[in-house]
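Below: one structure, written as C-alpha cells.
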Amino acid sequence: MAILLKGAEPAEKITAELRERAAALRARGVKPCLAIVRVGARADDLAYERAAAKRCAAAGIELRSAALPESIAQGKLIEKIEELNADAEVHGVLLLRPLPKTLDEAAACAALAPQKDVDGITAVSMASLYSGAGEGYPPCTAEASVRLLKHYNIPLEGAHAAVVGRSLVIGRPVALLLLAENATVTLCHSRTKALEEETSRADILIAAAGSAGIIGAEHVRAGQAVVDVGINTAPDGSLCGDVRFDECRGIVDAISPVPGGVGALTTAVLAEHVVSAAERATA
3 MAILLKGAEP AEKITAELRE RAAALRARGV KPCLAIVRVG ARADDLAYER AAAKRCAAAG
63 IELRSAALPE SIAQGKLIEK IEELNADAEV HGVLLLRPLP KTLDEAAACA ALAPQKDVDG
123 ITAVSMASLY SGAGEGYPPC TAEASVRLLK HYNIPLEGAH AAVVGRSLVI GRPVALLLLA
183 ENATVTLCHS RTKALEEETS RADILIAAAG SAGIIGAEHV RAGQAVVDVG INTAPDGSLC
243 GDVRFDECRG IVDAISPVPG GVGALTTAVL AEHVVSAAER ATA
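Under the numbering used here, think of the first position of the sequence shown as 3, with each following residue one higher.
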C-alpha cells in the first residue's frame, strides 16, 4: 500500500517556525499582515479564505478581508488593490481567482505591487520563477507540491517528473520548480498524445489538470510518487482530485490524498510568504 503524502505534518512544522519569526517582528513593532481580496462569494474561495484565516491565526499573522461584490466595476477593483499597495501595514495581498468574467483578471494582477504579491501572480514574480533570480514568490500551490515531496524525502535530483496541466497557476510553475531541483520534466496537457505512456514512465507524477479523475491505473506504475493537486467536486458533492485515488493507491509507492494533501500545505506556504514579505519590507 502506498505511503500517504499528507500535508498536515509539514504544514505544522512551517507554522511553528513562522510563529517564532512573527514574534520577532512583533517585538520590533511590526505586525505581519495579509489582505485577501475576494470578489463575490464562490464556495471554493470562501473555503480557501477560511483555511488561510486559520493558518494565519496559528502563525501570528494579522488577516484583513476585502469582500467585494461580484458586480464591482473594474476601476473599483483596481482602486482597492492600489489602496492595499499603498498601505504600509499590509505586507502581502492575495487576490482570489478566477475573477468574474466581467472583469479583466490580467489587469487586476498587473495592478498588484510585486513586493506584496505572495502568490506569484504578477509578471515580476513569474520572471523571478523563470530566471531563478529576484525576490518574487512562486504560486503557493506549486511550491507546496514540491515542498510536500521534499518533506517525505522523495528524490528530486535526476528524477523524471511528469506534470499534467500547463496553467500559469500550477502546471508551468511547478515544472520550473522541479527543474530548479534538477529533475527532468515532461509537461503534459489535454492534447498530449498517449498521455498514459508519458505519465507511467515518470518517477514523479504531478496531476494538475483540474479535471476530476483524469489520472487512473493506466497512467501510473509501481515505484512512482504521485501528487494530486486537483480540487474537484464529485457527483455526490464530495471533494475529489484529478487522480482516481482508489485505483492508483494500490499501484504506486506514494500518493497525496484529496483533501488532506497539497491543500493542507498551501496555506502554510502562503503564510511563509507573508512573513518573508514583512521581513523584507522592514529590514
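Glycine included, each C-beta is placed from N, C-alpha and C at the ideal position.
Spatial distance of residue i from residue j (CA atoms)
| i | j | result |
| --- | --- | --- |
| I206 | S73 | 42 Å |
| A90 | K118 | 10 Å |
| A68 | P100 | 16 Å |
| G134 | L65 | 30 Å |
| A196 | C190 | 10 Å |
| G263 | I5 | 12 Å |
| P116 | A88 | 12 Å |
| A214 | A18 | 34 Å |
| I83 | K8 | 34 Å |
| H93 | E249 | 43 Å |
| G136 | A125 | 12 Å |
| K103 | R193 | 25 Å |
| L170 | A210 | 11 Å |
Other residues of its chain near residue i: CB distance less than 6 Å, five sequence neighbours each side excluded
| i | result |
| --- | --- |
| L158 | E183, A185 |
| C142 | D121, T268, V271, L272 |
| R282 | none |
| V39 | A68, L97 |
Option nearest residue i by Cα separation, candidates the options
| i | options | result |
| --- | --- | --- |
| G212 | I233, Y132, P237 | I233 |
| T235 | Q226, H221, P261, E220 | P261 |
| I216 | R246, S202, I253 | R246 |
| S202 | H93, R193, A227 | A227 |
| A110 | A210, V41, Y50 | V41 |
| L241 | D46, V222, R30 | D46 |
| A53 | L86, A10, A280 | A10 |
| E107 | V276, M3, V187, L79 | L79 |
| G218 | D244, I16, D255 | D244 |
| R251 | A266, H275, G225 | G225 |
| A256 | G160, V171, G239, L151 | L151 |
| H275 | I156, E145, G239 | E145 |
Beta-carbon proximity list for residue i, same chain, < 8 Å, skipping 5 on both sides
| i | result |
| --- | --- |
| G62 | L20, R21, A24, A25, R28, P34 |
| E220 | E198, S202 |
| A59 | L65 |
DSSP three-state assignment for residue i, whether helix, strand or coil
| i | result |
| --- | --- |
| L96 | strand |
| R28 | helix |
| E72 | coil |
| L65 | strand |
| N184 | coil |
| V148 | helix |
| D47 | helix |
| G209 | With the sequence shown as reference, residue 209 is identified as Ala, and Gly is not the correct amino acid for it. The answer is strand: DSSP assigns A209 an E or B state. |
| R174 | helix |
| I80 | helix |
| N234 | strand |
| R57 | helix |
| D106 | coil |
| R246 | coil |
| V39 | strand |
Own chain partners of residue i with C-beta closer than 7 Å, once the 5 adjacent residues on each side are dropped
| i | result |
| --- | --- |
| L131 | G122, G138, P140, P175, L178 |
| S147 | V176, I208, V229, V231, V264 |
| R168 | R174, L189, H191 |
| P237 | none |
| V32 | A280, T284 |
| S127 | P116, D119, G138, Y139 |
Rounded distance between the beta-carbons of residue j and residue i, thought under 8 Å
| i | j | result |
| --- | --- | --- |
| L180 | A163 | 5 Å |
| V95 | L114 | 6 Å |
| I253 | V277 | At roughly 39 Å, the Cβ-Cβ gap does not stay under 8 Å, so I253 and V277 are not in contact. |
| V187 | V165 | 6 Å |
Any non-hydrogen atom of the ligand NAD within 7 Å of residue i CB
| i | result |
| --- | --- |
| I74 | With respect to small molecules bound, the structure shown includes none, and the ligand NAD cannot be examined in it. |
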